[in-house]
Amino acid sequence: MTDGKNLILALVLSALVLVGWTWASNRWFPTANPPSTKVVNGKAQPLPPAKVQPSTPAAPKTLKSVSAVLAGTPRISIRTPSLAGSINLKGAQIDDLVLLDHRQTIAPNSPPVRLLSPLGGPDAYIAEFGWTSDGAEVPTLDTMWTADAQQLSPGHPVTLSTQMPTGTRYQIKIAVDDGYLFTVEQSVLNGSGKPITVRPTGLVSRSGESTDRSSWTNHVGPIGVFDGKADYDVNWKDLDKQGSIALGNTAGWLGFTDKYWLTALAPANASMTADFRHSPSGGYQADYALAPAAVAPGQTMTSETRLFAGAKEKKWLDRYEEAGIPKLTKSIDWGWFEFFMRPIFDLLIFLFHAFGNFGLAIIALTFIVRAIMFPIAQKQFASMAAMRKLQPKMKAIQERYKDDKQRQQQEILKLYQTEKVNPATGCLPVVLQIPIFYALYKVLLVSVEMRHQPFVLWIKDLSAPDPLTPVNLFGLLHFVPPPYLAIGVLPILMGFTQWLTMKLNPQPMDPAQQQIFSFMPWVMMFIFAPFAAGLQLYYVTSNVLTLLQQWWLYRRFGLHISDTHPVQT
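The structure is reproduced here in structure tokens:
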């Protein structure tokens with residue numbers, strides 16, 4: 022009867038763990054990217070991109086297509102190895118930008134990811150530079166600018182010019198490199214015949230929130246570095262509630278981050294007054310204004326700002342940090358173990374370039390981690406092997422003092438001391454692997470470098486869940502199951518190898534504990550099913566290496582795999 026109650030208790034606890042984790046993960050833990058493939062008749066096929074509805078009450082009631090808006094305004098083109106797009110000469114807006122190295126889906130003909138999009142179309146997202154003044158006339162959104170070239174490219178900057186009726190001339194010189202950085206030089210030539218005071222300004226504005234989900238493990242939304250400190254505290258809800266958040270006079274940069282993309286403004290060598298804003302109609306804006314500057318008649322005042330608009334690829338972020346944008350790599354939300362994550366990330370990228378396959382890089386990284394942990398794991402397995410040898414003696418003590426639990430524990434502790442066995446030794450590798458696992462989880466979560474990277478066979482995107490699942494008979498049934506049911510091959514292998522690992526460990530004496538331990542691998546299988554296939558691959562490889570290490574060490578200590586006597590731990 023007691024065993025039956027313990028079994029029921031074990032089942033209830035396992036169910037609570039599974040349901041609780043599902044609720045918590047949906048609320049706080051972002052999982053993998055949405056599935057990018059489905060398996061049909063044994064072949065992986067790309068899924069079409071999700072249709073994102075315009076999330077902008079600020080937009081006009083009738084939205085035009087992006088192509089129609091672009092065709093209706095005078096423009097100069099942008100062309101670099103990484104970017105393509107155009108600049109709107111009406112208002113001098115950088116409002117058309119796609120990322121050539123990143124596609125919307127894994128399909129060969131998939132269009133590139135669009136980062137910036139013009140006003141009047143869906144999901145408007147723009148960058149703009151200008152001036153404010155209490156007395157002087159300054160350019161507006163309706164101002165038409167002239168350009169000295171028809172294309173902006175690396176090594177070939179473009180200068181936009183306009184002149185006010187008073188004679189004051191405004192210029193915006195824009196240069197771009199081969200990555201994602203624009204350098205914007207704003208100049209005011211006072212031709213009015215009297216002194217004027219102007220403030221250079223810049224802004225990025227978007228019509229709605231990011232479609233990426235923010236969580237406590239990964240910040241999405243307003244972001245910046247102010248006076249050397251990264252700010253992840255301002256979010257969409259804060260702006261919805263407060264309307265605007267003034268950051269005061271500060272130095273650094275600010276903008277908006279998505280999971281993989283960033284648009285940020287960084288005035289060069291100047292203090293700025295920075296703000297995040299939300300309009301009642303639904304738009305969001307990050308803007309700055311530099312200190313007011315008096316410009317005498319016939320004199321010129323110039324200021325410079327950098328605009329980052331692109332993918333958060335660490336190689337570019339590192340380069341721009343070295344070029345003077347403070348802590349731009351903080352746009353990647355590294356989390357608590359940043360000091361630990363960065364070396365893991367750099368090693369993973371090195372292995373990727375060495376092997377040419379991100380899946381092989383993850384497997385190689387797992388081997389390296391296990392090699393580093395080998396001395397500690399060897400002590401763990403030695404302790405487990407010693408515990409197995411003591412099982413007959415411990416069983417005898419448990420039978421002898423079955424009615425006196427206190428005496429039973431005392432005698433077992435004496436046995437540990439006599440035989441020089443420490444059961445806690447087996448917990449150390451597990452504890453040490455927690456930061457490693459979390460760091461790898463974060464690296465695979467935030468790394469745009471892994472996005473859409475294939476492994477082998479049906480795994481075409483390691484940043485998405487394993488698409489091959491028995492729930493739809495491995496693609497023979499033509500439907501894509503929901504994430505909580507789509508148990509792929511890798512999660513199944515992970516659960517099975519975890520179960521084998523636990524079978525080789527000393528078994529607890531309490532029936533309820535035995536049942537919980539026996540169910541946990543399968544609970545973990547459900548928990549990990551929605552996670553990135555890259556993380557699942559790491560865990561499967563780690564489990565297989567653990568099994569091989571256990572087998573070798575048990576043979577070394579003269580034990581048989583079949584020795585599975587229960588033990589009080």
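Letter by letter, the sequence shown follows residues 22 to 590 in the numbering used here.
C-beta atoms are modelled at their ideal positions from N, C-alpha and C, and glycine is treated no differently.
Segment contact: the segment 149–168 against the segment 345–365, fewer than three CB-CB distances shorter than 8 angstroms; contact not assigned. Assignment of L328 by DSSP, reduced to helix, strand and coil, places it in the strand class.
N109 counts as buried, since no fewer than 16 other beta carbons sit within 10 angstroms of its beta carbon. Of the residues D279, Q172, T490, the one whose Cα lies closest to the Cα of F547 is T490. When L202, T167, T161, Q557 are compared, the shortest CA-CA separation from E325 is found for L202. Restricting attention to T518, P475, L494, Q519, the CA atom closest to the CA of A507 is found in L494. The beta carbon of F247 sits closer than 8 angstroms to the beta carbons of L268, T271, A272, G273, L275, A295 from its chain, once the five residues preceding and following it are set aside; these are given in chain order. For I147, no alpha helix (DSSP H) encloses it; the enclosing beta strand (DSSP E) starts and ends at 146–153. Annotated as proximal: Q429 and Y422, with beta-carbon spacing under 9 angstroms. Excluding its 5 nearest sequence neighbours in each direction, M185 has C-beta neighbours in its own chain below 6 angstroms: E158, listed in chain order.
In this structure, L436 is the residue among L436, A550, T518 with its C-alpha nearest to the C-alpha of K416. Per DSSP, reduced to three states, the secondary structure at S236 is strand. Two segments are said to touch when three or more pairs of C-beta atoms, one from each, lie closer than 8 angstroms; by this definition the segment 463–475 touches the segment 356–363.
Non-local beta-carbon contacts of D252 in its own chain, meaning distances under 6 angstroms to residues more than five positions away in sequence, involve G245 in chain order.
Short of 7 angstroms from the beta carbon of P133, and not among the five residues preceding or following it, lie these beta carbons of its own chain, in chain order: V119, L120, L121, H123, R124. L283 is a Cβ neighbour of F329, given a cutoff of 9 angstroms. Runs of the beta strand (DSSP E) spanning 3 or more residues and lying entirely within the segment 282–317 occur at 282–288, 293–299, 305–311, 314–316, in chain order.
Remark: C-beta atoms of G509 and A553 do not approach each other more closely than 9 angstroms. Counted as a single uninterrupted DSSP element, the beta strand (DSSP E) harbouring V197 occupies residues 190–197. Between V544 and the set Q438, V501, Q519, L558, the nearest pair of CA atoms involves Q519. With a threshold of 16 other beta carbon atoms within 10 Å, N211 meets it and is buried.
Pairing I193 with T183, the inter-Cα distance amounts to about 9 angstroms. Linking A332 to A105 through their CA atoms gives a straight-line distance of about 13 angstroms. When the alpha-carbon of L381 is set against those of E440, Q474, S88, L224, the nearest one is in Q474. The Cβ atoms of L173 and R100 lie closer than 9 angstroms to each other. In this structure, V179 places its C-beta atom within 9 angstroms of the C-beta atom of I97. Between the C-alpha atoms of Y459 and D354 there is a straight-line separation of about 13 angstroms. Minimum Cα-Cα distance from V225 among the listed residues R327, L556, V316, V477 corresponds to R327.
The DSSP-derived three-state label of P243 is strand.
Just so you know, the alpha carbons of P243 and M515 end up roughly 37 angstroms apart.
Here the C-alpha atom of L372 lies approximately 20 angstroms from the C-alpha atom of A485. Contact between T522 and T567 holds: their C-beta atoms lie close to 5 angstroms from each other, under 8 angstroms. The C-beta distance from P288 to Y309 rounds to 6 angstroms, short enough to fall under 8 angstroms. Uninterrupted beta strand (DSSP E) stretches at least 3 residues long and entirely within the segment 252–276 occur at 265–271, given in chain order. As computed with DSSP, G223 is found in a beta bridge with F150, Y309. When rounded, the separation of the alpha-carbon atoms in K336 and E470 is 10 angstroms.
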